[in-house]
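Novice: Each residue of the sequence shown is one higher than the one before, counting from 100 in our numbering. Glycine included, each C-beta is placed from N, C-alpha and C at the ideal position. Once you've had a glance at the structure underneath, I'll fire off some questions.
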Amino acid sequence: MTVLSSKVWALPEKDISSERDAPKVLTYEEGRKKGYQDGVEGASRKLATRGNKKALKDYNHGYKTGYRKGKEAAEQQKEEATEDHLVNHPTQEESGDIHLGTGHPAPPLSSSSIHAQGRMSDTMHGHYTEAEQKLARMDKALAASTNKVKKEEESAKKNNAILTQLLYRAKEKAEVKEKEIDRLQEEAAAAEQNHQQALARKDEAHARALEVREKKIKAQEREIERQERANAQLEERVRELLAEADQSERRFAEEKRKGEEAHKDLARKKEIIKEQSEDIKELAGEIEQIHKAVASLRADHESWRAGAISAARR
């Protein structure tokens, strides 16, 4: 019987192209069933579908579990087949040709025993032929499985080399990504610092604007207070002017009243003066008559005096 090495039953490598493009989500149960089938048959592992990383992880876990159980089932089947072969193909010692435990020939058999042994021999020969055929088929299947597993090992080595190369490239890409991440983090830190500085400048400008606005508001408040004081003074002045105007109006009314009374008094005085003027005119006429009489008397006197003087001279 062909004995398989431990490498023959190593788990096949993961399909390196199975992580790209995921038209279907693979499950743990699918992986377990497929792994069990491949474990029993010794078939190579090829994914019929592709899934994303999470689905592939679940599928791979199920596949490994099923493959291990399938391998154990195949080994159990081989052991059972070997036991069946030993049962159906007894040794000379077990068949009775040699006495068990002594190494000497067995004692001679009776005729009935010979006939019974002949019938048994025919039966055992049939079982032996069938077991040989079954064992030959199993050996042939195991040889085919061995060749297939060897091919899988070669493919796995190639896949391992490819995976190693891909891993190296992935590490290089990871290093590049890490450098890129470091650069982005530095840029983010610089941007954050610039942002904080901008916020500080904005806060400072806002504080200055608030200070200017507060000063402006205080100046406006002082101006309003000044205007209120000026308005109060103006109102006080208006009240004073109104009081003065009222007082002037009262004085004017009083003066008007006095003027009216003076006008009435003047009218009375004019009337009196008019009456007195008429009396004066009459007196003037009388005085003029008196003056004329006096002049006439003076003339008469002068004439008499002249006559008297003349008379006296004569």
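From R336 to A342, what distance separates their C-alpha atoms?
Specialist: Straight-line Cα distance between these residues: approximately 10 angstroms.
Novice: Taking C-beta to C-beta, are M237 and A172 nearer than 7 angstroms?
Specialist: No. Outside cutoff.
Novice: Alpha carbon to alpha carbon, how far is V393 from S402?
Specialist: Straight-line Cα distance between these residues: approximately 14 angstroms.
Novice: Please classify K272 as buried or exposed, where buried requires at least 16 other C-beta atoms within 10 Å of its C-beta.
Specialist: Result: exposed.
Novice: For the putative contact between G134 and K163, defined by C-beta atoms under 8 angstroms, what is the C-beta separation to the nearest angstrom?
Specialist: Yes, G134 and K163 are in contact; Cβ-Cβ is about 6 angstroms, under 8 angstroms.
Novice: Compute the Euclidean distance between the alpha carbons of D345 and R328, then round it to the nearest angstrom.
Specialist: Roughly 25 angstroms separates the two Cα atoms.
Novice: Distance check for R300 and N258, CA to CA, integer angstroms please.
Specialist: Going from the Cα of N258 to the Cα of R300 covers about 59 angstroms.
Novice: Beta-carbon separation of G138 and Y158 under 7 angstroms?
Specialist: Their beta carbons are not under 7 angstroms apart, which means G138 does not touch Y158 by this criterion.
Novice: For T245, name the three-state secondary structure that DSSP assigns.
Specialist: Reduced to three states, the DSSP call for T245 is helix.
Novice: I need the straight-line Cα distance from Q296 to K314, nearest angstrom please.
Specialist: If I take the Cα positions, the gap works out to 26 angstroms.
Novice: In whole angstroms, what is the alpha-carbon distance linking K363 and I379?
Specialist: Roughly 23 angstroms separates the two Cα atoms.
Novice: Can you tell me the Cα-Cα spacing of E377 and E370, whole angstroms?
Specialist: Going by the C-alpha atoms only, they are around 11 angstroms apart.
Novice: On the criterion of 16 or more Cβ atoms from any shown chain inside 10 Å, does S244 qualify as buried, or is it exposed?
Specialist: By the neighbour-count rule (16 or more Cβ atoms within 10 Å), S244 is buried.
Novice: Label V248 either buried or exposed according to how many other C-beta atoms from any shown protein chain fall within 10 Å of its C-beta, with 16 as the threshold for buried.
Specialist: Buried, since its Cβ has 16 or more Cβ neighbours within 10 Å.
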